[in-house]
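Working notes, structure below.
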Amino acid sequence: SLYNAEAGRMRIVLRALEREQAGQKRELIERVEAIAREEFSELKPGERPVEATGLYVLLTFLIESLLRDQVVSFVLAAIGI
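Going by our numbering, the first residue of the sequence shown is number 211, and it counts up by one from there.
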């Protein structure tokens, strides 16, 4: 179910293209979160704020982290040589 009336929570499913650059994916995630915050801005005490989750978000951050680590490793190796 996409809506849980007891918890007052809603799940919104977004379908997006997987073959995008990591930066474009990150931008899409940020835009979706901003729109959701606008639409659901009235939080009651104890409610969690809007946040993007899921495999798409996880893989985006993983790719960014791997790319950053590769650059650091390359720079350190170049300095060491």
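Think of the CB as a built atom: it goes at the ideal place given N, C-alpha and C, for glycine as much as any other residue.
As the structure is a prediction and not an experimental result, all values here were calculated from the model.
Residue i - DSSP class collapsed to helix/strand/coil
i	result
residue 241	helix
residue 219	strand
Span of the alpha helix (DSSP H) around residue i
i	result
residue 278	265-290
Whole-angstrom distance between residue j and residue i, CA atom to CA atom
i	j	result
residue 265	residue 272	10 Å
residue 291	residue 218	58 Å
residue 246	residue 234	18 Å
Assigned exposure category for residue i - 16 Cβ within 10 Å defines buried
i	result
residue 270	buried
residue 222	exposed
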